[in-house]
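Remarks on the structure that follows.
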Amino acid sequence: MISLRLPPSRPRRRPQELSYAADERPPFATMMTLGIQHAIMALALSAYALALAKGAHLDIGQTRALLAVTIIAMAIGTFLQAWGGRFGSGSLMIHMPTPFILPLAVPVLEQVGPGGLVPITIVSAITTLLVAPLAQKLRGLFPPIVAGLVVLIGGLSLIREAFEHSMGLSEDMEINRNSVIIAGVTLVLIMGLSVWGTRKMRLFALLAGIVGGVIAAALLGELSGGAELLATPTFAVPTLVAPSFDVPIGALIGLAFVALLVQIDSIGSFILIDKMDDADWRRADMRQASRGVLGAGICDFIGGLLGAMPTATSSANIGLTHASGSTTRYAGLAAAAVLLLVAFLPKATLILTLIPTPVIGAIELYAAAFLIASGVDLLASREMDPRGIFIVGISTVGGVGTLLMPGLAEHASPGLRHLVGSGFIVTGVLAILLNLLFRLGIKKSESIQLDRNADSQPLSIQITDFVEAMGGAWAARRDVVRRAALAAVEASEAIEASGDGRKVIGIGGSFDELNFNIDLVHLGPPLPVAGAGPTDLAAILEGDDDSAIDAAIQSVSGTLVTRLADRIKGEKGPTPGTSVLHLHFDH
Numbered sequence: 001m002i003s004l005r006l007p008p009s010r011p012r013r014r015p016q017e018l019s020y021a022a023d024e025r026p027p028f029a030t031m032m033t034l035g036i037q038h039a040i041m042a043l044a045l046s047a048y049a050l051a052l053a054k055g056a057h058l059d060i061g062q063t064r065a066l067l068a069v070t071i072i073a074m075a076i077g078t079f080l081q082a083w084g085g086r087f088g089s090g091s092l093m094i095h096m097p098t099p100f101i102l103p104l105a106v107p108v109l110e111q112v113g114p115g116g117l118v119p120i121t122i123v124s125a126i127t128t129l130l131v132a133p134l135a136q137k138l139r140g141l142f143p144p145i146v147a148g149l150v151v152l153i154g155g156l157s158l159i160r161e162a163f164e165h166s167m168g169l170s171e172d173m174e175i176n177r178n179s180v181i182i183a184g185v186t187l188v189l190i191m192g193l194s195v196w197g198t199r200k201m202r203l204f205a206l207l208a209g210i211v212g213g214v215i216a217a218a219l220l221g222e223l224s225g226g227a228e229l230l231a232t233p234t235f236a237v238p239t240l241v242a243p244s245f246d247v248p249i250g251a252l253i254g255l256a257f258v259a260l261l262v263q264i265d266s267i268g269s270f271i272l273i274d275k276m277d278d279a280d281w282r283r284a285d286m287r288q289a290s291r292g293v294l295g296a297g298i299c300d301f302i303g304g305l306l307g308a309m310p311t312a313t314s315s316a317n318i319g320l321t322h323a324s325g326s327t328t329r330y331a332g333l334a335a336a337a338v339l340l341l342v343a344f345l346p347k348a349t350l351i352l353t354l355i356p357t358p359v360i361g362a363i364e365l366y367a368a369a370f371l372i373a374s375g376v377d378l379l380a381s382r383e384m385d386p387r388g389i390f391i392v393g394i395s396t397v398g399g400v401g402t403l404l405m406p407g408l409a410e411h412a413s414p415g416l417r418h419l420v421g422s423g424f425i426v427t428g429v430l431a432i433l434l435n436l437l438f439r440l441g442i443k444k445s446e447s448i449q450l451d452r453n454a455d456s457q458p459l460s461i462q463i464t465d466f467v468e469a470m471g472g473a474w475a476a477r478r479d480v481v482r483r484a485a486l487a488a489v490e491a492s493e494a495i496e497a498s499g500d501g502r503k504v505i506g507i508g509g510s511f512d513e514l515n516f517n518i519d520l521v522h523l524g525p526p527l528p529v530a531g532a533g534p535t536d537l538a539a540i541l542e543g544d545d546d547s548a549i550d551a552a553i554q555s556v557s558g559t560l561v562t563r564l565a566d567r568i569k570g571e572k573g574p575t576p577g578t579s580v581l582h583l584h585f586d587h
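321 is the number that the UniProt record's numbering gives to position 321 of the sequence shown; each next residue is one higher, with no gaps.
Structure (structure tokens):
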């Protein structure tokens, strides 16, 4: 591996905080240390596969086989992303089992057994492969308001099973005290380290919670399987399950929908790791993201043939990458090698399989809380006009109503029960349809003439109202809208104060998911936008020239605009005697 050369990636300038950038090869010991850290994190996240097995009531042998082939799929995905070239992002991106399919996959596996994962994962892979060349265009179909709703309802869908597993509930709802203690220890450790731990401790909060829960179970006499562990061979090839194609078509449609959302989330992860690796980062490299999605599709297709669980990119490992200050792809290769080795060590996979049910229940509670909070965060990040309010409200009511009244699905045809009986799917479909419906009549660009009459509202209020109204209609990010409104007001004041007959007479705006633009139309020549040097305030105040003080005060607005906007450009306007000041904001 020392002499291994990876396909080159896009030229970047390494940020100062990174010890090793993507294409830099660290010493072998450092590379293996980083790889083992990422592999341990990924193995902790493989608890989602255990949650799937527990929810579907698989036995220990079936669970161990599922875990082994899923870890193989994780290794393949991690290798493809690190290797790069045509079939990967060329970045340190670790794959993990996706928790988003749990609400749909659990009832399917209960009916058809672990072989049902073959068509489930292959459908997910095919969807992902179809998404790869269309990655950028799909952002309009799945804006954050839609993704946030689906993530939110996914978390709500996990609550029932999380309570059953963590409390050891019987059929008559009797609570098992030991189960509550074990789950409580697990959850308290996860929360405590996540909130009060150091940066490195937070990264391993989930792993620490699992270890603490297992120790608590052992002390309470709830840990079993020691004899099976001793009888298990040290090395063996994982057992493959016979595929079962009796999965309802409605469930497969729903799972394809989930795969779309997973890849939209993955695109964000690829953009984040690219930004982390480039000191001169300016815009998203959608080609790299598309290659990353393609690698994920290949990974899931191979995993589907093995009977593995669908995978997704791990945001927790991105945090570990940031904490370690190393984005080297060689660490990804090392992590993939460690994961592959673990998959062929039955004792290691059996240890993971024997994790007590209350510990898995605590992890499900953590996953539910994480998904709910993430969904709310996505929703709160966007401006909302009445359209957005109705999308969120109606979609949530539809999904929660389906969760509370599962008997409604019994009146649907058998092929559609997995669609109409899933709050996850109902929410997602309603959100997409309402989003498409309410986008009718919304222009991607808009402009108005400003009223300069004496009895009209001040220009600052007119400009702010326009920017906020357009931000709400476009469902733009709340922080970007506020920054754009402030920059537009400051820019108008800079134009008015610059002299040469400049007066703001109109404002326009345009938007897509990557760009938010504001145009101020004014009379007079274009406003110079070259950055000014630092002002010597002491010299100005000690001097006798009042005009210098006036000029310094007038320059404040222009300085603020250059700080608030990502790019500024002044040019001649569409009609004689007018000019336009363009304010661009990355979105």
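Note that CB positions come from ideal geometry on N, CA and C, so glycine has one too.
Here the structure is a predicted model, which is why all the values come from computation and not from measurement.
Note to self: So, does the stretch 361-372 touch the stretch 149-167, judging by three or more C-beta pairs under 8 Å?
What the structure shows: Taking one beta carbon from each stretch, the stretch 361-372 and the stretch 149-167 have 3 or more pairs nearer than 8 Å; the two touch.
Check: Cβ of residue 187 within 8 Å of Cβ of residue 366?
Finding: Yes, the Cβ-Cβ distance between residue 187 and residue 366 is below 8 Å.
Check: How big is the Cα-Cα spacing for residue 397 and residue 307?
Finding: Distance between the alpha carbons of residue 397 and residue 307: 35 Å.
Check: So residue 309 is in the beta strand (DSSP E); what residue range does that whole segment cover?
Finding: Segment: none, residue 309 is in no beta strand (DSSP E) and carries neither H nor E.
Next item on the list: Any chance you could list the alpha helix (DSSP H) runs of at least 4 consecutive residues sitting entirely within the stretch 271-336, in chain order?
Entry: With a minimum length of 4 residues, the continuous alpha helix (DSSP H) runs that stay inside the stretch 271-336 are 286-306, 315-324.
Note to self: Counting beta carbon pairs with one atom in the stretch 314-329 and one in the stretch 21-35, are three or more of them shorter than 8 Å?
What the structure shows: Yes, the stretch 21-35 is in contact with the stretch 314-329.
Notebook entry, point to check: What are the start and end residues of each continuous beta strand (DSSP E) run of 3 or more residues lying completely inside the stretch 432-508, in chain order?
Noted result: For secondary structure counted as the beta strand (DSSP E) over 3 or more consecutive residues, the stretch 432-508 holds these complete runs in sequence order: 445-449.
Notebook entry, point to check: Rounded to a whole number of angstroms, what is the C-alpha to C-alpha distance between residue 173 and residue 61?
Noted result: Residue 173 and residue 61: Cα-Cα distance of roughly 29 Å.
Checklist line | Own chain partners of residue 663 with C-beta closer than 6 Å, once the 5 adjacent residues on each side are dropped | finding: As shown, the chain starts at 1 and ends at 587. That puts residue 663 outside it, with no answer to give.
Checklist line | Integer Cβ distance of residue 483 from residue 564, believed to fall under 8 Å | finding: Taking C-beta atoms under 8 Å as the contact rule, residue 483 and residue 564 qualify, at a distance of about 5 Å.
Checklist line | Beta carbon of residue 507 nearer than 8 Å to that of residue 520 | finding: Contact flag set, yes.
Note to self: Among 449, 399, 529, whose alpha-carbon lies nearest the alpha-carbon of residue 427?
What the structure shows: If you compare the alpha carbons of 449, 399, 529 with that of residue 427, the shortest gap goes to 399.
Checklist line | Local conformation of residue 574 per DSSP, three classes | finding: In the structure shown, residue 574 sits in coil (DSSP, three-state: anything other than H, G, I, E or B).
Checklist line | Same chain, Cβ closer than 8 Å to residue 357, neighbours up to 5 away in sequence not counted | finding: The answer, listed in chain order, is 54, 165, 168, 179.
Next item on the list: Can you give me the start and stop residues for the beta strand (DSSP E) that residue 519 sits inside?
Entry: From DSSP, the beta strand (DSSP E) with residue 519 extends over 515-523.
Checklist line | Beta-bridge pairing of residue 581 - partner residues as DSSP gives them | finding: Residue 581 is bridged by DSSP to 520, 570.
Next item on the list: Report yes or no: do three or more beta-carbon pairs, one from the stretch 483-500 and one from the stretch 261-270, lie closer than 8 Å?
Entry: With the rule of 3 Cβ pairs closer than 8 Å, the stretch 483-500 does not count as touching the stretch 261-270.
Checklist line | residue 510, DSSP secondary structure in three states | finding: Residue 510 falls in the strand class under three-state DSSP.
Checklist line | Neighbour-count burial assignment, residue 364, 16 or more Cβ in a 10 Å radius | finding: Flag for residue 364 reads buried.
Note to self: Quick check on the DSSP output: what are the complete alpha helix (DSSP H) runs of length 4 or more inside the stretch 328-390, in order along the chain?
What the structure shows: Fully enclosed alpha helix (DSSP H) runs of 4 or longer: 329-343, 346-353, 357-380.
Next item on the list: Can you give me the start and stop residues for the alpha helix (DSSP H) that residue 32 sits inside?
Entry: Segment 28-45, the alpha helix (DSSP H) holding residue 32.
Item checked: Burial state of residue 230, where buried means 16 or more other Cβ atoms lie within 10 Å -> Note on residue 230: under 16 other CB atoms within 10 angstroms of its CB, so exposed under the neighbour-count rule.
Margin query: Using the Cβ count rule (16 or more neighbours within 10 Å means buried), how would you classify residue 453?
Written below: By the neighbour-count rule (16 or more Cβ atoms within 10 Å), residue 453 is not buried but exposed.
Checklist line | Nearest residue (CA-CA) to residue 103, options 84, 56, 381, 78 | finding: Restricting attention to 84, 56, 381, 78, the CA atom closest to the CA of residue 103 is found in 56.
Next item on the list: Just grab the DSSP bridge partners of residue 95 for me.
Entry: 313, per the DSSP bridge assignment.
Check: Any idea what DSSP makes of residue 586, helix, strand or coil?
Finding: The answer is strand: DSSP assigns residue 586 an E or B state.
Next item on the list: With distances taken Cα to Cα, identify the nearest neighbour of residue 463 among 474, 450, 499, 287.
Entry: Closest by alpha carbon: 450.
Checklist line | Outcome for residue 382 when other beta-carbon atoms lying within 10 angstroms are tallied against a minimum of 16 | finding: Looking at its Cβ environment, which holds 16 or more other Cβ atoms inside 10 Å, residue 382 is buried.
Notebook entry, point to check: Do you know whose CA, among 225, 473, 91, 514, lies nearest residue 389's CA?
Noted result: The residue from 225, 473, 91, 514 with its alpha-carbon nearest to that of residue 389 is 473.
Notebook entry, point to check: When you compare only the Cα positions, how much space is there between residue 503 and residue 81?
Noted result: A straight line joining the alpha-carbon of residue 503 with that of residue 81 spans about 53 Å.
Margin query: Within 10 Å of its beta-carbon, does residue 237 have 16 or more other beta-carbons around it, so buried, or fewer, so exposed?
Written below: With fewer than 16 other Cβ atoms from the protein chains shown falling within 10 Å of its own Cβ, residue 237 counts as exposed.
Margin query: Using a Cβ distance threshold of 8 Å, determine whether the stretch 335-353 contacts the stretch 113-131, with at least three qualifying pairs required.
Written below: These segments do not touch.
Check: In terms of alpha-carbon separation, which member of 148, 207, 437, 353 lies closest to residue 224?
Finding: A check of alpha carbon separations from residue 224 across 148, 207, 437, 353 identifies 353 as the nearest.
Next item on the list: Round the Cβ separation of residue 311 and residue 96 to the nearest angstrom and send it over; I've been treating them as touching at under 8 Å.
Entry: 6 Å between Cβ atoms; contact.
Next item on the list: Take residue 1 and list the residues in its own chain whose beta-carbon comes closer than 6 Å to its own, dropping the five residues that flank it on each side.
Entry: In this prediction, residue 1 has a pLDDT of 43, which is less than 50 and means its spatial position is unreliable; what the coordinates show is noted afterwards. Nothing meets the Cβ criterion.
Next item on the list: Would you kindly report the start and end of the unbroken alpha helix (DSSP H) that includes residue 79?
Entry: Residues 60-83.
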